[in-house]
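Peer 1:
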Amino acid sequence: MIKRLVLDVLIPNKISIVDFAESLSKLNGIDAVNITVKEVDVETQNIIVVIEGENIVFNDVNELIEKMGGTIHSVDQVVAGKRVINLPEEVSSEL
């Protein structure tokens, strides 16, 4: 079971990150969504999407992102299993 996903996503500027987060949060298995804007240009926004829940279905997340006009650039973190493991401080400081 996936508990956390961290995604680097490209979305069109016409999409509000508020609407994007609300849409993702309505998917089954998702408890929380955090979106941070990384970069903005004339037509697009590069965002970091952090999703947490008890049973995140990656395919559902990917389908919704594509349906809303977005593209996943990379999957930067996946946490799966019975509990969430956070990175040790010394590892996260190297990233």
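For the sequence shown, position 18 matches number 437 in this note's numbering, and the numbering has no gaps at all.
Just so it is clear, CB atoms sit at the ideal spot from N, CA and C, and this is done for glycine as well.
Remember, predicted model here, so these are calculated numbers, not experimental data.
Can you list, in chain order, the residues of its chain with a C-beta nearer than 7 Å to that of Leu-429? Leave out the 5 residues immediately preceding and following it.
Peer 2: As a working note, residue 429 is residue 10 in the sequence shown. Cβ neighbours of Leu-429 beyond the five flanking positions: Thr-463, Asn-465, Gly-489, Thr-490, His-492.
Peer 1: Within the continuous beta strand (DSSP E) that includes Ser-435, where are the two ends?
Peer 2: Residue mapping note: residue 435 aligns to position 16 of the sequence shown, counting from 1. Looking at the DSSP string, Ser-435 is not in any beta strand (DSSP E), and its letter there is neither H nor E.
Peer 1: Between the beta-carbon of Val-480 and the beta-carbon of Lys-422, is there less than 7 Å?
Peer 2: Within the sequence shown, the letter at position 61 stands for residue 480. Within the sequence shown, the letter at position 3 stands for residue 422. No. Outside cutoff.
Peer 1: Count the other CB atoms within 10 Å of the CB of Leu-426; is the residue buried (16 or more) or exposed (fewer)?
Peer 2: Stepping through the sequence shown from its first residue, residue 426 is reached at position 7. When all chains shown are included, Leu-426 counts as buried.
Peer 1: When the Cα atoms are used, what is the spatial distance from Glu-508 to Gln-496?
Peer 2: Along the sequence shown, read from residue 1 onward, the residue named residue 508 stands at position 89. Along the sequence shown, read from residue 1 onward, the residue named residue 496 stands at position 77. Rounded to the nearest angstrom, the two C-alpha atoms are 15 Å apart.
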